[in-house]
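Enquirer: Here it is, the structure in full.
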Amino acid sequence: MELASAWPEVSVGSSYSTPALKVRGTSFCRLWGERDRRTSGLLERDVLVVFCEIDEKEFLLAESDGSVFTSAHYDGYGAVLVWLDVVETETLVQLLWDSYLLRAPTSIAKRFDASGPP
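Going letter by letter, the sequence shown gives residues 884 to 1001 in the working numbering.
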């Protein structure tokens, strides 16, 4: 999450009682908490939730090198899960950037969309 914490209008906060990054108060990523881990049975690995367009989700999952996945809880919802211990930095930055733009107010998204991550 440190990769995106210095982006414009980003603040560190929480969402569902887990660490999250927000753009003008709206979460664009969050770490899985203990409840998420217990529910999924995936207790040992760090997982990041990032938002995506629902129609882009299948593409992200299909094109993933195994670092991007989903769970039944997120079926039909515009978010993917990322294994932080295996995702490549470039992939993570792009997922975070896309989530940031999706959740940012239009004025921010328009200003930074074409320029790519800072």
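The beta carbon of each residue, even a glycine, is placed where N, CA and C say it ideally should be. Since the model is a prediction, treat every value here as computed from it, not as a measurement.
Starting from the C-beta of ALA962, find all residues in its chain whose C-beta is less than 7 Å away, skip the five residues before and the five after it, and write them out in chain order.
Expert: Excluding sequence neighbours, ALA962 sits near VAL932, VAL933, PHE934, CYS935.
Enquirer: Strictly by DSSP, which residues pair up with VAL976?
Expert: Paired residues: none, contrary to the question.
Enquirer: Quick check on the burial criterion: 16 or more other C-beta atoms within 10 angstroms. Buried or exposed for ALA1004?
Expert: With the chain represented from 884 up to 1001, any question about residue 1004 goes unanswered, as that position is not in the structure.
Enquirer: If you check the beta carbons only, do ASP948 and THR974 fall under 9 Å apart?
Expert: Yes, the Cβ-Cβ distance between ASP948 and THR974 is below 9 Å.
Enquirer: Can you tell me whether DSSP reads ALA962 as helix, strand or coil?
Expert: strand
Enquirer: Who are LYS905's beta bridge partners in DSSP?
Expert: According to DSSP, which records beta bridges pairwise, LYS905 is partnered with SER894, SER910.
Enquirer: In chain order, what residues of the same chain have a beta carbon less than 7 Å from the beta carbon of VAL976, not counting five sequence neighbours either side?
Expert: LEU886, PRO1000
Enquirer: The beta strand (DSSP E) spanning LEU931 covers which residue range?
Expert: First-last of the beta strand (DSSP E) with LEU931: 930 to 934.
Enquirer: Measure how close the beta-carbons of ASP929 and ASP981 come, nearest whole angstrom, since I'm counting them as under 8 Å.
Expert: No, ASP929 and ASP981 are not in contact; Cβ-Cβ is about 20 Å, not under 8 Å.
Enquirer: By the 10 Å Cβ neighbour count, where 16 or more other Cβ atoms means buried, how is SER910 classified, buried or exposed?
Expert: buried
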